[in-house]
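So the sequence shown is residues 6 to 100, counted in my numbering. By construction, the Cβ of each residue, glycine as well, lies at the ideal position given by its N, Cα and C atoms. Note sheet for the following structure.
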Amino acid sequence: MSSINSINGMSHQEATSLRRARVRTTSTFLQIAASRSGRALLSKETGISSPKLLHWAKRAELMKVKDLGRDYADLLEVSGVESVADLKRRNSESL
Numbered sequence: 006m007s008s009i010n011s012i013n014g015m016s017h018q019e020a021t022s023l024r025r026a027r028v029r030t031t032s033t034f035l036q037i038a039a040s041r042s043g044r045a046l047l048s049k050e051t052g053i054s055s056p057k058l059l060h061w062a063k064r065a066e067l068m069k070v071k072d073l074g075r076d077y078a079d080l081l082e083v084s085g086v087e088s089v090a091d092l093k094r095r096n097s098e099s100l
């Protein structure tokens with residue numbers, strides 16, 4: 006279980022808001038943020054926009070891929086890969 010702070014692009018204040026909402030790990034975050042209704046509820050509770058929560062959920066999902074981690078998730082995002090589903094569609098040589 007990774008700390009919620011391990012998601013790149015999240016400010017200290019945003020991470021604190023999520024922890025106040027009892028979201029302390031990326032696993033818990035993904036369980037809630039996986040659905041539109043979960044993101045809406047979390048957005049209402051934290052003041053963080055639903056699109057931003059969705060972006061972080063995609064990043065956290067990428068971080069779950071074995072041996073990928075935060076640094077490679079960052080590189081994939083720069084390469085235009087936004088989610089695990091997107092990564093599956095990509096040709097490794099073109100990345």
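With distances taken from CA atoms, which of Ala78, Val83, Ala65, Asp76 is nearest Gln36?
As a first step, residue 36 must be located in the sequence shown, where it is residue number 31. Minimum Cα distance to Gln36 is reached at Ala65.
Could you check how far apart the C-beta atoms of Ala39 and Ala62 are, in whole angstroms? I think they sit under 8 Å.
The count along the sequence shown starts at 1 and reaches residue 39 at position 34. The count along the sequence shown starts at 1 and reaches residue 62 at position 57. Between Ala39 and Ala62 a beta carbon distance of about 7 Å is seen, short of the 8 Å cut, so the two are scored as contacting.
Cα separation between Asn10 and Lys71?
What you label residue 10 is simply residue 5 of the sequence shown in a count that begins at 1. What you label residue 71 is simply residue 66 of the sequence shown in a count that begins at 1. Those two C-alpha atoms are separated by around 19 Å.
Mind reading off the beta-carbon distance from Phe34 to Leu23? Whole number of angstroms is fine, and I expect it under 8 Å.
Against the sequence shown, residue 34 aligns to sequence position 29. Against the sequence shown, residue 23 aligns to sequence position 18. The Cβ separation is near 7 Å, so the contact holds.
Under three-state DSSP, which class holds Ser99?
Counting from one through the sequence shown, the residue named residue 99 turns up at place 94. DSSP places Ser99 within a helical segment (H, G or I) once states are collapsed to three.
Which value, in whole angstroms, describes the spacing of the CA atoms of Val28 and Ser97?
Against the sequence shown, residue 28 aligns to sequence position 23. Against the sequence shown, residue 97 aligns to sequence position 92. Rounded to whole angstroms, Val28 to Ser97 spans 34 Å at the Cα level.
DSSP three-state label for Ser8, please.
Numbered from 1 along the sequence shown, position 3 holds the residue referred to as residue 8. The three-state reading of DSSP puts Ser8 in strand, counting E and B together.
What first and last residue would you give for the alpha helix (DSSP H) that runs through Ala26?
The residue given as residue 26 occupies position 21 in the sequence shown. For Ala26, no alpha helix (DSSP H) segment is defined, and its DSSP state is neither H nor E.
Kindly indicate the opening and closing residues of the alpha helix (DSSP H) around Met68.
Here residue 68 is taken as the residue at index 63 of the sequence shown, counted from 1. It spans 55-68 - the alpha helix (DSSP H) in which Met68 sits, taken as one unbroken run.
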